[in-house]
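Each residue of the sequence shown is one higher than the one before, starting from 1 at the first, in the numbering used here.
Notes follow the structure.
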Amino acid sequence: MSQKRVENLTPYNSGEKKGKQIAKMFNAIASRYDIMNRLISLGQDKRWRRKAISILKPQSPATILDIATGTGDMAIKMHSMLSPCKVTGCDISEGMLEVARKKVLDLGLASEIEFSLGDCISLPFEDNSFDAVTISFGIRNVEDIERGISEINRVLKPSGTLLILELSVPENSFYKFFYKIYTKLFIPTLGKIITGERSAYDYLRKSIAVVPQGKAMTNIMSKVGMTNCCYTYMTFGACAIYSAKKNI
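Written out as structure tokens, the structure is:
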């Protein structure tokens, strides 16, 4: 998969930078984002998040940054499973953050989970700030993936862990055939019905097809100086977990 192809792919033909278009897109679908996630993943997104978070359990991270936090599901689940001192969620969309803040307020977790507006390519945090950084279903939306991972490496503490959870295209030709039919026909149509934003889910399908996958993604991690870069696939290759460590 081509890093440049996904970085040049945008949801709208507006001429604006990718980051601004992504923020606009998620602002438009924020109120219906969660229900769409459940539907298009056939409920698997919750299991994928739990599997990714379980990788962090042996390390017991005290401070965690969740980039592309969206409506806060990953941040909330990490608080529940890992009991860290602090979880910080960061997202480019204020509309998504409004939903996230309401969730944690309703759960009584506003003092333990905080949210801030920010872009992965220029994170508003100091060097060596977090024991772990996660980004779920968001790396393909980053304007410059290598720069984004380099920024993540900067804000991680030495030996800190990066986890990327991202949708992928199955490598097996049998599963790939049905996957392509599902993503091309079903997802954009359902997106239009549920959110009124077909373009957002056309973009979803196209971005999954071109995001760096497997070894291509871990190569980017290695290039910015991270170590122990590895990945694993789930659900017949429809989703991948990537992990890496900040070098000491």
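Heads up, the beta-carbon is just placed ideally off N, CA and C, and yes, glycines get one too.
Since the structure is predicted, the reported quantities are computational estimates derived from the model, not experimental observations.
Looking only at M226, K102, E166, the smallest Cα-Cα distance to G160 is reached by M226. DSSP places P212 in the coil class of the three-state scheme, outside both helix and strand. When the Cα atoms are used, A28 and Y201 turn out to be separated by approximately 12 Å. In the structure shown, G118 falls within a coil segment according to DSSP collapsed to helix, strand and coil. Where A62 is concerned, there is no enclosing alpha helix (DSSP H), because DSSP gives it neither an H nor an E. In this structure, D34 places its C-beta atom within 7 Å of the C-beta atom of T71. M74 is a Cβ neighbour of S136, given a cutoff of 7 Å. Taking a cut-off of 8 Å on C-beta distances, the region 74-94 touches the region 52-61, as three or more cross pairs fall below it.
Contact check for E94 against L117 passes: the beta carbons are separated by less than 7 Å. The alpha-carbon separation between I187 and T195 amounts to approximately 11 Å. The alpha helix (DSSP H) runs lying completely inside the region 117-189 and spanning 4 residues or more are 145-155, 173-181, given in chain order. Note: S243 is bridge-paired with L163, C230 in the DSSP secondary-structure output. Under the three-state reduction of DSSP output, K77 falls in the helix class. S129 and L156 have their C-alpha atoms roughly 6 Å apart. Residue nearest to A132 within the set I193, P212, K51, L56 is L56 (criterion: CA-CA distance). Out of I53, E114, R101, L107, the CA that lies nearest to the CA of T88 is found in E114. When only Cα atoms are considered, S150 and Q44 end up about 29 Å apart.
Cβ atoms of L42 and S207 stay farther apart than 8 Å, at about 19 Å.
By the criterion of a C-beta distance shorter than 7 Å, L167 is surrounded in its chain by F137, I208, A238, C239, once the five residues flanking it on both sides are discounted.
Per DSSP, the unbroken beta strand (DSSP E) holding G89 starts and ends at 86-91.
Of all alpha-carbon atoms in G15, P11, R32, the one lying nearest the alpha-carbon of I22 is that of P11. C120 has its alpha-carbon roughly 23 Å from the corresponding atom of S199. Per DSSP, Y12 lies in no alpha helix (DSSP H) segment and is marked neither H nor E. Put simply, of S54, S31, C85 the residue whose alpha carbon is nearest the alpha carbon of A100 is S31. A check of alpha carbon separations from T235 across S83, G15, G108, E171 identifies E171 as the nearest.
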